[in-house]
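Reading through the structure tokens given below for one structure.
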Amino acid sequence: MSSNKKKKEIDSASTIEKLQQEIEQELWDDLTKDVSLTPHLTEEIKKLVKERAREELQKELKDRYAKLKPEKVEIPPEVKKEEERMYSRLSLNIRIQHVILMISTLILIITGLPIKFHDSAWAQFFFSAIGGLQTGRILHRVGAVGLIGIALYHLMFLAFSREGREIFRELLPRPKDLKDLWVMLNYLLGRKREKAKFGKFTYVEKFDYWAVYWGMVVMVGSGLILWFLGIALSIFPKYVADIAREAHSDEALLATLAIIIWHFYNAHLNPEKFPMNRSWLNGKVSEKEMEKEHFLEWVEIQKKEEMVTDKPVEGTVAEQKE
Amino acid sequence: MNVDIKASQMKKSSVFLIFFCFFLFFCLSGGRAQEVASNRECQKCHSNPNLKKNLPDGKVISEYVDFELFYRSVHKKQACVYCHIDATNFPCKNLQKVNCQRCHYKGNLAGAPDINKYKEYSESVHGRALALGDVKAPMCQDCHGSHYIFDKADTLSRTNKENIPQTCGICHLNIYTVYEASVHGEALRKEHILAAPSCIDCHGEHDIKEHTDPKSSVFLTRVSATCAKCHANMELIKKYNIPVEPVETYKESFHGVAIKFGATTVANCTSCHGSHAIFKMDDPRSSIYKDNIPKTCGKCHPGASQNFARGRIHVNPAKKEAGIIYYVSRFFKYLTMTVMLSLIIYIILDLRKKIIVRRKGEE
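So the sequence lines, in the order shown, correspond to chains E and V. Under my numbering, the first residue of the first sequence is numbered 725, with each subsequent residue one higher. Under my numbering, the first residue of the second sequence is numbered 1411, with each subsequent residue one higher.
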């Protein structure tokens, strides 16, 4: 397409030159034949005529380009799609884990917060809508089973699957994460022009991942004490149950705020991701995003591909990983 | 002229005199004198301390009326026959019980207090029992007295705060003895602390209901509000040195939240503290005494151990007295604040940078 356009451009350029030369020649002939003018004057007239000729030609060129333009818009959509390469980021297993975690957490938040804010009108409305506190408690425990279940499954996944072990290694905090944070803060404050270059997981993602560990330990630990209060109090003194209750209530608020403010910003409200980052559904990221957000991983993938085959074959990497 | 003036003056003074005489007459020998006069007939017999009456069931009741005392009562201006309307002939036999409602109803013109207590009574547990034919059910005079009704501020009154436990105790003897020994009974009856509750402060007076009636002030969902009348009163808490805010902390506890949203198998104040047998927590008789806690909590939490007693019950995490719970609460407060603040600052910086980049790109 582009070559075609270039050819036409070249054609028009050469025609201009030819025309100019012809005009010059004719003018020169005319001027030198009949009229006797001073060389200085002839030069000036020549200049004026040249300029006029150039203007005409440019007008002509513009018209031709205008005729060409509609052709230029007609780019077949298939061509563009082939260009956008998708990288696999989250396996189906991990995506299902995330969905279960999400659903359990939502149930827990929805049935838990009205107990914490029991004085509010919406708490009253909520319990009257679902049919009393007892329903809320049962639902909360359903959510708890989901949460504890997925936590245990995840630990097994990390321990016993190759994928899990690899991902865990990538998720371990490293000094680079602090450096990255420093670089990014400088970038955000306008002190540096360069962004940090991230690997598979940025410090933001690592923070989110490890924050869930902290939340899990606090919420599941205290929650189990409150759930099995009789057993707990046969082992621990009552103040342990009180601590559990306080911690459960306070950490719940922290987790909820973190999800609503931090996670929603990163995954949904962030202008680059709005209305949402779709990789939790399809597990994929575009090449653009890879380059922008996980540059080091991207480079590594390129290198590997070059090592495997001299020619990078499009689309195969994503399939291989799945 | 002079004579005329004198005559008119005479007229004026005589008119004044006549009015003055009427005034005196009303003052000295007005209505009351007449009633007392009618009472005198009754007094002839009923001021005899030995006047008795044999009831058909063999009981002997005194028919003596202490008129000295009667004339200090709130009904001192009333004639006997105003209430004993059937005492028309002598000897007055088989008199009906006095019906107080003849005067005591809303909108009465007899000068009785214009309040609707009679209706409240008829809807109360006592009134309903009476309506169902319970002969033991108390009527007005059983609590207020018959001839010797005084204002409740008067220590002679049966409805005086300090006398109420005894008044109720006439029928509710068992509860009376328990109450007398309890912290409330001792405070009111021995230490004469009028802020301490008598029966009616918790149960209500005329509108008293069974404790199983959801409208009752001691119904399980409402009893905490009843206790709160005093135990959430900061003045009283300070004055009598009650260490924590028991009602507030109860409302925040799981028990309090659960009961609010309709759970009925959850502890209210009386579940742990008892209703009448309430004692201080360092009193071995108390249900919340250290050694009794396993038993008290065990009512709902089977197998409750001594561990239930290790730690405070009414804890307010916002106060230092809560001990370790206070520090846990503090820790989470500052943790939440720092984490959320840093995250929000990061978000703002990120957004700001994105806006700057976008603007530059457009330029």
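Ideal Cβ placement from N, Cα and C applies to all residues, glycine included.
> Does residue 983 of chain E get closer than 8 Å to chain V when you measure Cβ to Cβ?
Replying inline: Within the first sequence, residue 983 of chain E is the residue found at index 259, counting from 1. Chain V contact via Cβ: absent.
> How about residue 1776 of chain V: is its C-beta nearer than 8 Å to some C-beta of chain E?
Replying inline: The first residue shown for chain V is 1411 and the last is 1773, placing residue 1776 of chain V beyond what the model contains.
> Does DSSP put residue 1043 of chain E in a helix, in a strand, or in coil?
Replying inline: Translated into positions along the first sequence, residue 1043 of chain E becomes position 319. The pLDDT assigned to residue 1043 of chain E is 48, lower than 50, so where the model puts this residue is not dependable, and the model offers no usable value.
> Shortest alpha-carbon distance to residue 902 of chain E belongs to which of E:920, E:890 and E:913?
Replying inline: To locate residue 902 of chain E, count along the first sequence from 1; it is residue 178. Nearest C-alpha to residue 902 of chain E: E:920.
> Within 10 angstroms of its Cβ, does residue 1045 of chain E collect 16 or more other Cβ (buried), or is it exposed?
Replying inline: Here the question's residue 1045 of chain E lines up with position 321 in the first sequence. With a pLDDT of 45 at residue 1045 of chain E, under the threshold of 50, the modelled position of this residue cannot be trusted; read the value that follows with caution. It is exposed - the Cβ of residue 1045 of chain E has fewer than 16 other Cβ atoms within 10 Å.
> Hey, quick one: how far does the alpha helix (DSSP H) through residue 936 of chain E stretch, first residue to last?
Replying inline: On the first sequence, position 212 is the one that residue 936 of chain E refers to. Per DSSP, the unbroken alpha helix (DSSP H) holding residue 936 of chain E starts and ends at 927-951.
>> Run through the DSSP bridge pairs and tell me what residue 811 of chain E is partnered with.
In response: As a first step, residue 811 of chain E is located in the first sequence; it is residue number 87 there, counting from the start. Within the DSSP secondary-structure output, residue 811 of chain E pairs in a beta bridge with E:1009.
>> Is the beta carbon of residue 1706 of chain V closer than 8 Å to that of residue 1715 of chain V?
In response: One-based indexing of the second sequence puts residue 1715 of chain V at position 305. One-based indexing of the second sequence puts residue 1706 of chain V at position 296. Their beta carbons are not under 8 Å apart, which means residue 1715 of chain V does not touch residue 1706 of chain V by this criterion.
> Ends of the beta strand (DSSP E) at residue 1471 of chain V?
Replying inline: Within the second sequence, the letter at position 61 stands for residue 1471 of chain V. Taken as a continuous stretch (DSSP letters only), the beta strand (DSSP E) holding residue 1471 of chain V covers 1470-1472.
> In chain V, what lies closer than 7 Å to residue 986 of chain E by C-beta?
Replying inline: Indexing the first sequence from 1 puts residue 986 of chain E at position 262. Within chain V, the residues near residue 986 of chain E are 1753.
> Buried or exposed: which applies to residue 940 of chain E, given that a residue is buried once 16 or more other Cβ atoms fall within 10 Å of its Cβ?
Replying inline: Locating residue 940 of chain E in the first sequence gives position 216, counting from the first residue. The residue is buried, with at least 16 neighbouring Cβ atoms inside 10 Å.
>> To the nearest angstrom, how far is the alpha carbon of residue 1756 of chain V from that of residue 1631 of chain V?
In response: Within the second sequence, numbered from 1, the residue matching residue 1756 of chain V stands at position 346. Within the second sequence, numbered from 1, the residue matching residue 1631 of chain V stands at position 221. Straight-line Cα distance between these residues: approximately 47 Å.
> Since residue 1572 of chain V contacts residue 1598 of chain V with CB under 8 Å, what's their CB separation in whole angstroms?
Replying inline: As a working note, residue 1572 of chain V is residue 162 in the second sequence. As a working note, residue 1598 of chain V is residue 188 in the second sequence. The beta-carbon separation of residue 1572 of chain V and residue 1598 of chain V, rounded to 6 Å, stays under the 8 Å limit for a contact.
> At a cut of 8 Å, does the segment 1503-1510 of chain V reach the segment 1543-1554 of chain V through at least three beta carbon pairs?
Replying inline: Verdict: yes, contact present.
> From the DSSP output, which residues share a beta bridge with residue 1573 of chain V?
Replying inline: Along the second sequence, one-based indexing puts residue 1573 of chain V at 163. Residue 1573 of chain V is bridged by DSSP to nothing; it lacks a bridge partner.
> What residues are listed by DSSP as bridge partners for residue 1463 of chain V?
Replying inline: Residue mapping note: residue 1463 of chain V aligns to position 53 of the second sequence, counting from 1. DSSP lists V:1471 as partners of residue 1463 of chain V.
>> For a test of the three-state rule: what should DSSP assign to residue 1488 of chain V, helix, strand or coil?
In response: Taking the first residue of the second sequence as 1, we reach residue 1488 of chain V at position 78. In the structure shown, the three-state DSSP call for residue 1488 of chain V is coil.
> Is DSSP giving residue 1545 of chain V helix, strand or coil here?
Replying inline: Walking along the second sequence from the start, residue 1545 of chain V turns up at place 135. Note: residue 1545 of chain V maps to coil in three-state DSSP.
> From what residue to what residue does the alpha helix (DSSP H) around residue 1800 of chain V run?
Replying inline: Since the first residue shown for chain V is 1411 and the last is 1773, residue 1800 of chain V is missing from the structure and cannot be characterised.
> Is residue 749 of chain E helix, strand or coil by DSSP?
Replying inline: Counting from one through the first sequence, the residue named residue 749 of chain E turns up at place 25. Three-state DSSP puts residue 749 of chain E in a helix.
> Of all the CB atoms in chain E, is at least one closer than 8 Å to the CB of residue 1711 of chain V?
Replying inline: Here the question's residue 1711 of chain V lines up with position 301 in the second sequence. For residue 1711 of chain V, the answer is yes, since a Cβ of chain E falls inside 8 Å of its Cβ.
> Helix, strand or coil for residue 1729 of chain V per DSSP?
Replying inline: Here residue 1729 of chain V corresponds to residue number 319 of the second sequence, with the count starting at 1. Residue 1729 of chain V: coil per DSSP, three-state reduction.
>> Do residue 1759 of chain V and residue 912 of chain E count as a contact pair if the criterion is CB distance below 8 Å?
In response: Walking along the first sequence from the start, residue 912 of chain E turns up at place 188. Walking along the second sequence from the start, residue 1759 of chain V turns up at place 349. A contact, by the Cβ cut-off of 8 Å.
>> I'd like the span of the alpha helix (DSSP H) that includes residue 848 of chain E, first residue to last.
In response: One-based indexing of the first sequence puts residue 848 of chain E at position 124. Note, residue 848 of chain E: alpha helix (DSSP H), 845-854.
>> Quick check on DSSP: helix, strand or coil for residue 1121 of chain E?
In response: Because chain E is modelled from 725 through 1046, residue 1121 of chain E falls outside the range shown and cannot be assessed.
>> Which of the three DSSP states is assigned to residue 1690 of chain V in this structure?
In response: In the second sequence, residue 1690 of chain V corresponds to position 280, counting from 1. Secondary structure at residue 1690 of chain V: coil, using DSSP grouped into helix, strand and coil.
> How close, in whole Å, do the beta carbons of residue 1628 of chain V and residue 1613 of chain V come, if the pair is a contact with beta carbons under 8 Å?
Replying inline: Within the second sequence, residue 1628 of chain V is the residue found at index 218, counting from 1. Within the second sequence, residue 1613 of chain V is the residue found at index 203, counting from 1. Residue 1628 of chain V to residue 1613 of chain V, Cβ: 6 Å. Contact.
>> To the nearest angstrom, how far is the alpha carbon of residue 1603 of chain V from that of residue 1692 of chain V?
In response: Here residue 1603 of chain V refers to the residue found at position 193 when the second sequence is read from its first residue. Here residue 1692 of chain V refers to the residue found at position 282 when the second sequence is read from its first residue. Roughly 20 Å between the two C-alpha positions.
>> Determine whether the beta carbon atoms of residue 971 of chain E and residue 946 of chain E lie at a separation below 8 Å.
In response: Here residue 971 of chain E corresponds to residue number 247 of the first sequence, with the count starting at 1. Here residue 946 of chain E corresponds to residue number 222 of the first sequence, with the count starting at 1. Yes.
> Between the C-alpha atoms of residue 1561 of chain V and residue 1607 of chain V, what's the straight-line distance to the nearest angstrom?
Replying inline: As a first step, residue 1561 of chain V must be located in the second sequence, where it is residue number 151. As a first step, residue 1607 of chain V must be located in the second sequence, where it is residue number 197. Each residue's alpha carbon lies about 19 Å from the other.
> Where do the N-terminal and C-terminal ends of the alpha helix (DSSP H) with residue 881 of chain E fall, by residue?
Replying inline: By 1-based counting over the first sequence, the position of residue 881 of chain E is 157. Element bounds for residue 881 of chain E: 857-884.
> Whose C-alpha, out of V:1723, V:1761 and V:1694, is nearest the C-alpha of residue 995 of chain E?
Replying inline: The residue you call residue 995 of chain E lines up with position 271 of the first sequence. Taking only the C-alpha atoms, the option nearest residue 995 of chain E is V:1761.
> Going along chain V, which residues have a C-beta under 9 Å from residue 995 of chain E?
Replying inline: Stepping through the first sequence from its first residue, residue 995 of chain E is reached at position 271. For residue 995 of chain E, the chain V residues whose Cβ falls inside 9 Å of its Cβ are 1761, 1764, 1765 and 1768, in order along the chain.
> How big is the Cα-Cα spacing for residue 1664 of chain V and residue 969 of chain E?
Replying inline: Within the second sequence, numbered from 1, the residue matching residue 1664 of chain V stands at position 254. Within the first sequence, numbered from 1, the residue matching residue 969 of chain E stands at position 245. Residue 1664 of chain V and residue 969 of chain E have their alpha carbons spaced roughly 9 Å apart.
> Apart from the five residues on each side of it in sequence, which residues of its chain come closer than 6 Å, Cβ to Cβ, to residue 905 of chain E?
Replying inline: Against the first sequence, residue 905 of chain E aligns to sequence position 181. Within its own chain, the residues whose Cβ lies closer than 6 Å to the Cβ of residue 905 of chain E, once the five positions on either side in sequence are excluded, are 927, listed in chain order.
>> Contact between the segment 809-818 of chain E and the segment 770-779 of chain E is defined here as three or more beta-carbon pairs at a separation below 8 Å; is this criterion met?
In response: No, the segment 809-818 of chain E is not in contact with the segment 770-779 of chain E.
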